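Peer 1: Have a look at this one before I ask anything.
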Amino acid sequence: MTQPSQPARSADVVVIGGGIHGSSAALYLAQRGLSVIVLEKDSVGRHASGVNAGGVRRLGRHLAEVPIAVRSRRIWATVADFLGDDCGFEVAPQMRLARSEEHLVAMRARVAEMQALGYHHEVMIGTNQIREYIHSLSDEVVGAVACLDDGFAQPYQTTFAIHRKARALGARFHEGVRALGLTREAGGDWRVATAEGDFTAPRVLLAGGLWSGEISATLGEPVPIIPFAPMMLVTTRLPPFCNAVVGAAGVPLSFKQMPNGTVVIGGGRPGRPDAATNRAETTFHPLRLSAQTCISLFPIMAEASVVRTWAGLEAEMPDQIPVVGPSLRHEGLYYAFGFSGHGFQLGLGMGEIMAELIATGATDVDLAPFSIGRFTGGAPAY
Amino acid sequence: MVREVDVAVIGAGPAGLAAAVEAAAAGLSVTVLDEQPAPGGQVYRAIERADSGRLAILGQDYAEGRELVAAFRASRAEYLPAATVWNIGTDRLIDYSQGGEIACLRATAIVAATGALERPCPVPGWTLPGVTTAGGLQILLKGAGVVEDDLVLAGAGPLLWLIASQLVAAGAPPRAVVETLPRGRQAAALARLPGALRAAGYLRKGVALMNAVRRAGVAVHTHAEGLEIEGETRVTGLRFRAEGGEHRLHCTAVGLHQGVIPNPQVTRLLRCEHVWDASQHAFRPVLDDDFQTTFPGLYVAGDAGGIGGARAAALQGRLVGMHLAARAGRKVAGKPAALRTALARDLAIRPFLEALYAPDPAILNPADSTIVCRCEEVTAGRVRAAVKLGAPGANQVKSLVRTGMGPCQGRVCGVAVSAIIATARGAPPDTADYYRIRPPLKPLALTELAAYPMIAPDLEIREP
Amino acid sequence: MARRLQGIGTPVRFTFEGVAVEAAAGDTVAAALLAAGHRDLRPSAVSGAPRGPYCLMGACFDCLVRIDGAPNRQACMTEVAPGMDVRRMAHVGKGEGR
Ligand SMILES: Cc1cc2nc3c(=O)[nH]c(=O)nc-3n(C[C@H](O)[C@H](O)[C@H](O)COP(=O)(O)OP(=O)(O)OC[C@H]3O[C@@H](n4cnc5c(N)ncnc54)[C@H](O)[C@@H]3O)c2cc1C
Ligand code: FES
């Protein structure tokens, strides 16, 4: 069923993927007055964007990501007004605990490097200051690197709010519609095939998370995406004892107590991903290590019970940074995927940047480190 | 290293016991895991401890369980009592806890014989201490010989009358039975009676139970509506409309009942396909002729696959046990065909019962101010507000308002929330979705998880 | 109130909130507490309203208590043992919110 001339099926931009990146780009594109169609194979926010740890973290970002994270954080500050939904966003320190002098040395070096680049949001803090935020803390902890005004938010609530705002601005979302492939029309437009017929647009943004590689490969730009299913667990309510988002050097950990008293624990211990069945399965043998880490760092956690665990499906790149920017082989094709377990915070800023790039052909943010060329070895072919 | 067995049976009620007995008799290695300290499940709970007095109160159907439990005890099946299964992986690795310690087991075939849950009854005041399910009252009676003195039973369903009559026999009749069946139900149900006549025994029994309760002088109110449980910190009374007037009964305990539904935790955990059973007003897992789910190697016997009662459960359990034996190339002594005939005869009453006792429409659509999710104290109104905002289904509503996020994992509110969402969207119930069930199936102490057994080497973890 | 149909025989003695309770062997903690007149076993997680056993079969978690120091134990799924120290859990959440 091909209905090329039907206006409902064509737009200035087709976005593939209704995660936070696809939805956010759609929002900013619509705000710029472009017509946008978003194709989402399941439902908006069903995957990584709806189930992640909700960390709004600039701390410890790859240097290439820092400017985007800083820009995003500015948008986070006004998110309630901007989206008409507070997204559960709370400002709180993000910190990474040190348990040895060696950890401290590495952290100090990082802070110095950031300072030299003109970034002052990461600072070293001592145990007294840590204890102001965490009332149940192991004596092993000797210090931390922190970003005091980072925070956390509710991932599904946020992605859903972005989705609603994008819709209110005119973006058209088609849920349950999978992009099967892309071809170029004679006239120059992209034709996106789906089981519900084709969609056309001069420009396409591929923001399909874990599933992006299937499509980029058919376009001659294969990428080595590693399916990744970071596991999360959440506990029964505990008395308030922690108002920071806490990681630790040397162990995978992301730890925070929600305002309601539950504790949410993640940090990247991988479960079993299965992109084909949409399933990310938790396995408990590795989670025992997360339990051990939490009990040893925060003694009160011996009181907690695990209520629920889950894992999300995320696209990890071998170098831990996403693929963002224009295709090097095809005009009018853009990429934003592979956020490697830390793309939630970036969602708002990234969407704004992608919209700028797609609408104007340029952005002042340096996207070179994220180019797909680092995997395909190419320079622009058009 | 993980212990391997041919068959793991989860649940030691009639379905699980029967499956285990058959499979073990054919020479398969069988392990039965159950949360309770003794075999019997909900229906034959504490049957090995029941003395003649208790047996007389609970009646012949209960006493029938003794034979099955004895056969199980005599079988070669391994029995793990007080063992809570809290995860099953797609690799058929079973995680369970026993005595505060985690252990693992891998099984070639898994039989989920996890029975039924009571349908939620979200009425105002249902969270007050003193409100229990009717089934809960029966458990108190069976397990401990404990009865409520000042009780009103409210709702509908065969179990409501069974419990009422058992309490009468125990010398502790309820103050009243408040039946919520809408007018006209009997007539509608009678249309489905011809089939049921094949199970006339059940019908006679049902009528006899009701008569016994009335004869004992228990006040019976029919076609009741607008149930509201009163009290500040505990139950002080029940209000309702019936017989053209407002009623208020003083009581300190209320037993609620609206029928039972398949326990979906295991089959949902493994993402089995489920269908909406319009007659039972419940989801049930899709099963093939051999009771296998869409997850290969996972079988369901008994009420967890669709409500059929204790006898049907045992018959299904035997059939599953025989199938597993045959599949493993073992000789099967019994005659499956005869069991299937008996099963069909036993289930013939169901369409009638299901039509008669279809859940009260008001129960499926509680007022905005009524709590539906007991754990997180979420009202029906907040669920509807999330739908109004555009949340498409149960999992999105869960993410937004925390329904089903408490320790019960949606066991109590699941079908109520799905129904409220479907109604609010103007969609038929069969299009409603259901919570994705996440492990652990029951809360697990973090200290216990920290001591999870070393079943495999740890992976190298890249530093974050 | 709830009552027992028969005498207890040789009682199993334990405490609830430090108060002595007599139970029959084989009782669950929930049954024993109900029979002894204790209905309010825990504060609800959000509002802190009193809750008592609802399902008595391990499904609703409204009977969660602390037993011998261990939190979040299901009273309806735990058999009484001599000398058990059963306590209400404190209401700890900051209420609603997420
Ligand atoms: C458990 C976990 C914890 C995390 N914690 C954090 C954190 O604390 N902080 C942080 O910043 N980040 C975190 N992340 C990472 C963050 O969630 C992701 O980087 C981010 O959400 C990626 O967004 P996305 O839009 O690229 O991907 P997704 O959310 O996966 O969206 C992609 C969408 O595209 C759809 N799709 C794919 N192919 C097609 C097709 N062909 N046609 C139509 N639709 C298609 C998919 O169905 C999906 O909905 C975490 C991730 C996980 C899994
Ligand atoms: S009373 Fe429901 S879990 Fe114990």
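Chains as they are written, first to last, in the numbering used here: chain A, 1 to 382; chain B, 1001 to 1464; chain C, 2001 to 2098. Cβ atoms here follow ideal geometry from the backbone N, Cα and C, with glycine treated the same way. What you are looking at is a predicted structure, and each value in this text was computed from that prediction instead of being measured.
1. Quick check on residue 2050/C - is its C-beta less than 8 Å from some C-beta in chain B?
2. Here's a check: name, in chain order, each residue in its chain whose Cβ is nearer than 6 Å to the Cβ of residue 149/A, leaving out the five neighbours to either side.
3. Would residue 2176/C pass as an interface residue toward chain B - the criterion being a Cβ-Cβ separation below 8 Å?
4. Quick one: what does DSSP say residue 76/A is sitting in, helix, strand or coil?
5. Please list the partners that residue 50/A has in chain C, where partner means a Cβ-to-Cβ separation under 7 Å.
6. Tell me whether residue 1226/B sits in a helix, a strand or coil according to DSSP, three-state version.
7. By the criterion of Cβ-Cβ separation under 9 Å, what are the contact partners of residue 2071/C in chain A?
8. Since residue 305/A and residue 1444/B are thought to touch, with beta carbons under 8 Å apart, how far apart are those beta carbons, to the nearest angstrom?
9. For residue 175/A, does the three-state DSSP call read helix, strand or coil?
10. Identify, in the order they occur along the chain, each residue of the same chain with its Cβ nearer than 6 Å to the Cβ of residue 2034/C, setting aside the five sequence neighbours on each side.
11. Does any C-beta atom of chain B lie closer than 8 Å to the C-beta of residue 138/A?
12. Taking the alpha helix (DSSP H) that residue 354/A belongs to, which residues open and close that run?
13. Considering Cα atoms alone, identify which of 146/A, 214/A, 84/A, 184/A is closest to residue 59/A.
14. Taking residue 2045/C as the query, report the chain A residues whose CB atoms sit under 7 Å from its CB, ordered along the chain.
15. Taking only the alpha-carbon atoms, compute the straight-line gap between residue 2096/C and residue 158/A and give it to the nearest angstrom.
16. Can you tell me where the alpha helix (DSSP H) holding residue 26/A begins and where it ends?
17. Under 9 Å Cβ-Cβ, which residues of chain C neighbour residue 22/A?
18. Under 7 Å from any heavy atom of ligand 2, does the C-beta of residue 2056/C make it?
19. Mind pulling the chain B residues with CB within less than 9 Å of residue 2001/C?
20. Going along the segment 253–277 of chain A in order, which residues come within less than 9 Å of chain C, judged by CB to CB distance?
21. With a threshold of 8 Å between beta-carbons, can residue 2085/C be considered close to chain B, or not?
22. Taking DSSP as the reference, what is the three-state secondary structure of residue 2095/C?
23. Please report how far the alpha carbon of residue 1243/B lies from the alpha carbon of residue 1224/B, in whole angstroms.
24. Quick one: list the residues of chain A neighbouring residue 2092/C, beta-carbon separation under 7 Å, in chain order.
25. Determine whether the Cβ of residue 2098/C lies closer than 8 Å to any Cβ atom of chain A.
26. Assuming residue 2067/C and residue 2092/C form a contact by the criterion Cβ under 8 Å, report the distance between their Cβ atoms to the nearest whole angstrom.
27. With burial defined as no fewer than 16 other Cβ atoms inside 10 Å of the residue's Cβ, what is the status of residue 1464/B: buried or exposed?
28. Is any beta-carbon of chain C found at less than 8 Å from that of residue 1060/B?
29. Mapping DSSP to helix, strand and coil, what is residue 1354/B?
30. Please report the residue range of the beta strand (DSSP E) in which residue 286/A lies.
31. Where does residue 34/A sit, in a helix, a strand or coil, going by DSSP?
32. Can you find a CB in chain B that lies within less than 8 Å of the CB of residue 2057/C?
33. State yes or no: is the C-beta of residue 2061/C nearer than 7 Å to some heavy atom of ligand 2?
34. Since residue 162/A is in the alpha helix (DSSP H), which residue starts that stretch and which ends it?
35. Which residue or residues does DSSP assign as beta-bridge partners of residue 325/A?
36. Is the segment 1006–1017 of chain B touching the segment 1294–1305 of chain B in the sense that three or more CB pairs, one from each, lie closer than 8 Å?
Peer 2: If we stick to the structure as given:
1. Within the third sequence, numbered from 1, the residue matching residue 2050/C stands at position 50. So, interface residue.
2. Here residue 149/A corresponds to residue number 149 of the first sequence, with the count starting at 1. For residue 149/A, where only same-chain residues beyond five positions count, the Cβ hits under 6 Å are 91.
3. With chain C covering 2001 to 2098 only, the question about residue 2176/C has no answer from this structure.
4. Stepping through the first sequence from its first residue, residue 76/A is reached at position 76. Note: residue 76/A maps to helix in three-state DSSP.
5. Numbered from 1 along the first sequence, position 50 holds the residue referred to as residue 50/A. Going along chain C, no residue has its Cβ under 7 Å from residue 50/A, so there is no contact; the nearest lies around 14 Å.
6. Stepping through the second sequence from its first residue, residue 1226/B is reached at position 226. Strand at residue 1226/B.
7. Counted from its first residue, the third sequence places residue 2071/C at position 71. Those within 9 Å of residue 2071/C in chain A are 236, 303, 304, 305.
8. Sequence index remark: in the first sequence, residue 305/A carries index 305 (1-based). Sequence index remark: in the second sequence, residue 1444/B carries index 444 (1-based). At roughly 6 Å, the Cβ-Cβ gap stays under 8 Å, so residue 305/A and residue 1444/B are in contact.
9. For the purposes of this step, residue 175/A is taken as residue 175 along the first sequence, with counting starting at 1. The answer is strand: DSSP assigns residue 175/A an E or B state.
10. Position 34 of the third sequence, counting from 1, holds the residue named residue 2034/C. So the list reads 2002, once near-sequence residues are dropped.
11. Here the question's residue 138/A lines up with position 138 in the first sequence. So no, residue 138/A is outside the interface.
12. For this step, residue 354/A is matched to residue 354 along the first sequence. 347–360 is the extent of the alpha helix (DSSP H) around residue 354/A.
13. The sequence position of residue 59/A within the first sequence is 59, counting from 1. Residue 146/A is the option with its Cα nearest to residue 59/A.
14. Residue mapping note: residue 2045/C aligns to position 45 of the third sequence, counting from 1. Under the 7 Å cutoff, chain A gives 237.
15. The residue given as residue 2096/C occupies position 96 in the third sequence. The residue given as residue 158/A occupies position 158 in the first sequence. Confidence at residue 2096/C is low in this model, with a pLDDT of 46, below 50, so its placement is unreliable and no value can be given for it.
16. As a working note, residue 26/A is residue 26 in the first sequence. The continuous alpha helix (DSSP H) containing residue 26/A extends over residues 20–31.
17. Locating residue 22/A in the first sequence gives position 22, counting from the first residue. Those do not exist, as residue 22/A stays about 25 Å from chain C at its closest Cβ, beyond 9 Å.
18. Locating residue 2056/C in the third sequence gives position 56, counting from the first residue. For ligand 2, at least one heavy atom lies less than 7 Å from the Cβ of residue 2056/C.
19. Position 1 of the third sequence, counted from the first residue, corresponds to residue 2001/C. Correct list: 1148, 1149, 1150, 1252, 1253.
20. 258, 259, 260, 261, 262
21. By one-based count along the third sequence, residue 2085/C stands at place 85. It does not: the Cβ of residue 2085/C has no partner Cβ on chain B nearer than 8 Å.
22. Here residue 2095/C corresponds to residue number 95 of the third sequence, with the count starting at 1. Note that residue 2095/C has pLDDT 46, beneath the 50 cutoff, so the model's placement of it is unreliable and the number below is only indicative. Residue 2095/C falls in the coil class under three-state DSSP.
23. Within the second sequence, the letter at position 243 stands for residue 1243/B. Within the second sequence, the letter at position 224 stands for residue 1224/B. CA-CA distance, residue 1243/B to residue 1224/B, rounds to 8 Å.
24. Your numbering for residue 2092/C matches position 92 in the third sequence. Residues of chain A passing the Cβ test: 237, 238, 239, 261.
25. Residue mapping note: residue 2098/C aligns to position 98 of the third sequence, counting from 1. Because the pLDDT of residue 2098/C is 48, which lies under 50, any placement of that residue in the model is unreliable, and the question is left without a value.
26. Within the third sequence, numbered from 1, the residue matching residue 2067/C stands at position 67. Within the third sequence, numbered from 1, the residue matching residue 2092/C stands at position 92. That pair is no contact at about 18 Å.
27. As a position in the second sequence, residue 1464/B is number 464, starting the count at 1. Residue placement at residue 1464/B cannot be trusted, given a pLDDT of 47 that sits under 50; what the coordinates show is reported in the next sentence. By the beta-carbon neighbour count (other beta carbons within 10 angstroms, threshold 16), residue 1464/B is buried.
28. Reading the second sequence from its first residue, position 60 is the one you call residue 1060/B. Judged by the 8 Å Cβ criterion, residue 1060/B is not in contact with chain C.
29. As a first step, residue 1354/B is located in the second sequence; it is residue number 354 there, counting from the start. Reduced to three states, the DSSP call for residue 1354/B is helix.
30. As a first step, residue 286/A is located in the first sequence; it is residue number 286 there, counting from the start. Element bounds for residue 286/A: not the beta strand (DSSP E) but the alpha helix (DSSP H), 284–297.
31. If you number the first sequence from 1, residue 34/A lands on position 34. Looking at residue 34/A - three-state DSSP - the assignment turns out to be coil, as it is neither helix nor strand.
32. Reading the third sequence from its first residue, position 57 is the one you call residue 2057/C. It does; some Cβ of chain B falls within 8 Å.
33. Sequence index remark: in the third sequence, residue 2061/C carries index 61 (1-based). Yes; taking the cut-off as 7 Å, the Cβ of residue 2061/C has a heavy atom of ligand 2 nearer than that.
34. What you label residue 162/A is simply residue 162 of the first sequence in a count that begins at 1. Note, residue 162/A: alpha helix (DSSP H), 155–168.
35. Working through the first sequence from its first residue, we reach residue 325/A at position 325. For residue 325/A, which the question treats as bridged, DSSP gives the partners 335/A.
36. yes
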